[in-house]
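As structure tokens, the structure follows; a few thoughts come after it.
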Amino acid sequence: MITIEQRAEFRKHFRYNIGRRLIVDKIIKITVLGCVALAVVPLASIMYEVFTNGVAALSVDFLTQVPGAVGSDEIGGIGPAIQGTLALIGLSCLIGVPIGILGGIFLSEYGNNKYGRTVRFFNDVLAEFPTIVIGVFTFVIIVITIGSFSVWAGSFALSIIMLPIIMRTTEESLKLVPVTYREAGYALGIKRSVVVTRIVLTAAKSGLVTGIMLAVARISGETAPLIFTILGSSQFMTGLDGPIDALPLRIWRLSSLPYDSAQTQGWGAAFILIMMIFAINIGVRYVFLRKRGTSMLKFKMFGGVR
Amino acid sequence: MMMETMKTPVANVSSVDKGRYKLVAENIIASYDDIVAVKNISMKFKDKAVTALIGPSGCGKTTFLRCLNRMHELTKNAKVTGKVLLDGEDLYSNAVDPIINRRKIGMVFQKPNPFPTMSIYDNVAAGLKLNGINKKNVIDEIVEGCLKMVYLWDEVKNDLKKPGMSLSGGQQQRLCIARALAIQPEVLLMDEPASALDPIATQKIEEMITELKKEYAIIIVTHNMQQATRVSDYTGFMYLGDLVEFGETKQIFENPRNEITAKYVQGQFG
Amino acid sequence: MSILNIKKSSGKTDKIFKIAALASATYVLVIIAMIIVNLTSGSASVWQKEGLNFLTGSDWNAVEGRESYGAAPYIMGTFVTAGIAMAIGLPISFGIAMFLSELAPKILRTPISFLVELLAAVPSVIYGLWGLFVFRDYIQSWIEMPLHNLFGDNVIIFSGTPFGLDILTASIVLAIMIIPTVSSISREIMLAVPNSQREAAYMLGATKWEVFRMAVLPYSKSGLIGATILGLGRAIGETMAVTMLIGNSTGSAAFPQSLFQPGQTMASIMANEFAEASQGGLHLAALIGIGLILFLVAFGINIVAHLLVARMVKSHEGAVLA
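Residue numbers (my numbering), protein chains in the order written: chain A, 365 to 670; chain B, 136 to 405; chain C, 1292 to 1613.
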């Protein structure tokens, strides 16, 4: 038993370092605030530059015209790029969403075994692939085989990038649906496929839509895979098997031209792209995630935060 | 069915003999999120004795306990006014940073919460290293002394480097008590320390409290009235943020002076 | 309809459904396998010609008849830029996470987390655009020139007149790009530490920083390592911003020696030279070969990350984040 006298003795060994500890605490607090500032400043700068420079480029012509000849007086617009981005998104979703959702269904409903774990692991790996590698891969199997750059190739590459995001967010959303929903369905004699599609999937609807939208926001900004697959173009789409332009690709090309007008157009295209992406992100956050109170962590790791 | 008349609390003057008071709480008013949990309570706690705080859920006993070592103000939107005098010195005086006063009082929580990444030894020594003790022999001595006081020493003396989480629930709680005792506090606060434990572990803890009170002032919040009668010398009964009655445990349970107290200790509400 | 018939039909639909789901899941494995196979076959010619020298050599000659390729400078470039980006970005990310989980008053939490998430949503090419036309000038005048003037003669990494499109600029922008990823995951991990842990530390008389150091940090360690690896993965694979800012050098001049020299990473050389090489031949094979190396590096990092986290999960039964 440590008596009161012994306690007093032991307390003599306390070094009265409170002052120093409080100073360290203060310094850390200031450093940490500095870190926050270091993150906020670039974002503010990017937003500012994109807005002020980009707005200057905006006009109906800008949004609808083809780019003018390089260096000429008629600067034209980025119409084909906008069309291309929209087409690519549409087509990629056509390929990637069904496979992603079905794959997510597999992981959630049938995936509690070694095979499921394997798929999950490789899915995570695919999610973190450098996207340029996916572009090169698509170049090899599609562009070279078919012989031309095309919308198909671009969509295929983007669908691969979308796939892990949709699979994982689907899995997480389905897992959030309580087991009791499924049990109620089985108890009523409903077959499994119907239980999953009609009952569980519907209950998880907002989570699924969130995942898809985050995937769309992600692929709309991807440039690297497009370099190898769609070539870029100064004309509107001629067909799904021909080259097209896309917003991120056009931004890149414009940035390397030495003309002021090109620079302005680049900012303008950046403005359009960022507006689109932010709209999706903000929409998702406030409409879907808040309603569900879903775990942001898992969604972030696979969808919202790259 | 309850409480048509709320008799005035008979408790703000301690009904016990004028022995030595280790800790005196004066006019504590505590709230969080604009809910006033402790409405204006004054209590005196004797040294080398166990004081139990009992009362139904939500009566404010845990909030009051946490005011004693300045833990309540860590809750979001928490407000506290009043004084807490430890050996005459006001822990709420603005002259010193709360961290100094927190270490003068040890606290044990409802669920055992040892640091999972630390060994048994390091868990007990955690507070010591914080406060600047770095001589190994002193730390060894304190760790051994504290583990002996909580009846853990014989069980773990050869396994001090094992992780704290490798112990059973009851052992983990005793480890947490040792950790609190290691910083050499004069007062030990316990917030329902045995409520998450099985009966055997609970019994061990109660035996330990009965030993510890020979050298410490112990204040224990409990919802288990039998426990209060087993271990405590004095008891305070709280209800809806007020101190309704305070006195020797025997008197509170066998001869309560307040009608609400009587109803509670007879089990008419819980 | 007899019971037997009902059973059969429900059995068939369920079976088809399960097969469809299984096939979709297997698609992932198939794609990865195909990537490996096709990258290997697509680069076969350069491996045949250079052998393992492709990994260690630094030639980069596309002239017909004297073609020779070596990826070593770009491999190093990738690691150097990623390394610098992590060195700058990790502390800042952890600081932000710590702020959001431990220090920020409630009203500030949501807006700041939201701002950080917006940073994550900005596409790489726009970081490149901003870096090219805005940030680069600041880096050049406020960081590079002073460092060069003070130390350029004596310290190799500060030598070479800085023009702003170099390894340092690319690395700094890369750091900014990994901050949202690492910080937001780290923040979630720190927030998941139960409050009872913090209270135990406060009870001992700890300051806010000490509470963090004693109760939050050790508990979050495995999760934070996971967040770091994710950041590293992004830094290694990041293409557009790096391509636009790193200066585009090739061959042995691309070996990273000075922060102020133009450099090249595996990703950036693929982006930069694809147009020239798209016709085919050894040059294309070389670029595909670099793609294969990049893939293997990223894949390797991922496996290490998963193994690390799995091992830490096992050893700290209490300190786990699901």
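Just so it is clear, CB atoms sit at the ideal spot from N, CA and C, and this is done for glycine as well.
{"Query": "Restricting to runs no shorter than 4 residues, where is the alpha helix (DSSP H) found entirely within the stretch 437-481 of chain A?", "Result": "443-469"}
{"Query": "Determine the burial state of Tyr-1493(C): buried for a count of at least 16 other Cβ atoms within 10 Å of its Cβ, exposed for fewer.", "Result": "buried"}
{"Query": "In terms of residue numbering, what span does the alpha helix (DSSP H) encompassing Gly-262(B) cover?", "Result": "255-265"}
{"Query": "In angstroms, rounded to a whole number, what distance separates the CA positions of Val-419(A) and Gly-632(A)?", "Result": "6 Å"}
{"Query": "Identify the continuous beta strand (DSSP E) that holds Ser-678(A) and give its terminal residues.", "Result": "For residue 678(A) there is no data in the structure shown, the boundaries of chain A being 365 and 670."}
{"Query": "By how many angstroms is the C-alpha of Leu-1409(C) removed from the C-alpha of Phe-244(B)?", "Result": "40 Å"}
{"Query": "Please check the pair Leu-1521(C) and Val-1473(C), which I expect to be a contact at CB under 8 Å, by giving their CB distance rounded to whole angstroms.", "Result": "7 Å"}
{"Query": "Any beta carbon of chain B sitting closer than 7 Å to that of Val-1595(C)?", "Result": "no"}
{"Query": "How big is the Cα-Cα spacing for Gln-447(A) and Gly-454(A)?", "Result": "11 Å"}
{"Query": "Just to make sure I have the definition right: I need the residues of chain B whose C-beta is within less than 8 Å of the C-beta of Thr-1498(C). Which are they?", "Result": "Ile-234"}
{"Query": "What separation, rounded to the nearest whole angstrom, lies between the Cα atoms of Leu-427(A) and Gly-443(A)?", "Result": "5 Å"}
{"Query": "For Ala-421(A), which residues of its own chain have a beta-carbon under 7 Å away from its beta-carbon, when the five flanking residues on both sides are left out?", "Result": "Thr-628, Gln-629, Trp-631 and Gly-632"}
{"Query": "Report all residues from its chain with a CB closer than 6 Å to the CB of Ala-1518(C); omit the five preceding and five following residues, and keep chain order.", "Result": "Val-1473, Ile-1476 and Ser-1477"}
{"Query": "Mapping the DSSP letters down to three states, classify Phe-1442(C) as helix, strand or coil.", "Result": "helix"}
{"Query": "In chain C, what lies closer than 8 Å to Val-580(A) by C-beta?", "Result": "Within 8 Å Cβ-Cβ: nothing; Val-580(A) doesn't reach chain C, min ~12 Å."}
{"Query": "Kindly list the residues whose CB is nearer than 7 Å to the CB of Pro-1547(C), restricted to its own chain and excluding five residues on each side of it in sequence; keep chain order.", "Result": "Met-1367, Gly-1368, Val-1371, Ile-1458 and Gly-1554"}
{"Query": "Output the boundary residues of the beta strand (DSSP E) element that contains Val-159(B).", "Result": "156-167"}
{"Query": "What residues from chain B crowd round Tyr-1493(C), counting only those whose CB sits closer than 7 Å?", "Result": "Met-206, Leu-209 and Arg-237"}
{"Query": "For the stretch 242-268 of chain B, which residues have a beta carbon sitting closer than 7 Å to at least one beta carbon of chain C?", "Result": "Met-242, Phe-244, Lys-246, Asn-248, Phe-250, Pro-251, Thr-252, Ala-261, Gly-262, Leu-265 and Asn-266"}
{"Query": "Could one say the Cβ of Leu-1599(C) lies closer than 7 Å to chain A's Cβ atoms, at least one of them?", "Result": "no"}
{"Query": "Can you find a CB in chain E that lies within less than 7 Å of the CB of Lys-478(A)?", "Result": "Chain labels in this structure do not include chain E; the protein chains are A, B and C."}
{"Query": "Going by the beta-carbon positions, is the gap between Gly-1342(C) and Gly-1361(C) smaller than 7 Å?", "Result": "no"}
{"Query": "Closest by CA to Ile-503(A), which one among Leu-1550(C), Ile-1326(C), Phe-1308(C) and Asp-1305(C)?", "Result": "Contrary to the premise, residue 503(A) reads as Phe rather than Ile in this sequence. The option with the nearest alpha carbon to Phe-503(A) is Ile-1326(C)."}
{"Query": "How close, in whole Å, do the beta carbons of Ala-1353(C) and His-1574(C) come, if the pair is a contact with beta carbons under 8 Å?", "Result": "5 Å"}
{"Query": "Is the stretch 453-473 of chain A touching the stretch 538-553 of chain A, taking contact as three or more C-beta pairs under 8 Å?", "Result": "yes"}
{"Query": "Going straight from the alpha carbon of Ala-317(B) to that of Val-185(B), what length do you get?", "Result": "19 Å"}
{"Query": "Closest to Ile-530(A) by C-alpha separation, out of Asn-487(A), Asn-645(A), Ile-510(A) and Ser-584(A), would be which residue?", "Result": "Asn-487(A)"}
{"Query": "Which ranges does the alpha helix (DSSP H) cover as unbroken runs of at least 4 residues, wholly within the stretch 520-552 of chain A, from first to last along the chain?", "Result": "543-551"}
{"Query": "Counting only C-beta atoms, is Lys-672(A) closer than 7 Å to chain C at any point?", "Result": "Here chain A covers residues 365 to 670 and nothing more, so residue 672(A) does not appear."}
{"Query": "Could you name the residues that DSSP lists as bridge partners for Ala-213(B)?", "Result": "Tyr-167(B)"}
{"Query": "Step through the CB atoms of chain B and report whether any lies within less than 7 Å of the CB of Ile-366(A).", "Result": "yes"}
{"Query": "Would Gly-1290(C) count as contacting chain A if we go by Cβ distances under 7 Å?", "Result": "Shown here, chain C extends from 1292 to 1613; a query on residue 1290(C) therefore has no answer."}
{"Query": "Does the stretch 289-298 of chain B come into contact with the stretch 344-358 of chain B, if we say contact requires no fewer than three beta-carbon pairs (one atom in each stretch) closer than 8 Å?", "Result": "no"}
{"Query": "Considering only residues of the stretch 235-319 of chain B, which uninterrupted beta strand (DSSP E) runs meet the minimum length of 3 residues and lie entirely inside it, listed in chain order?", "Result": "240-243"}
{"Query": "Hey, Ile-1470(C) and Ile-1537(C): beta-carbon distance below 7 Å or not?", "Result": "no"}
{"Query": "Going by DSSP, what residues sit across from Trp-1351(C) in a beta bridge?", "Result": "Tyr-1360(C)"}
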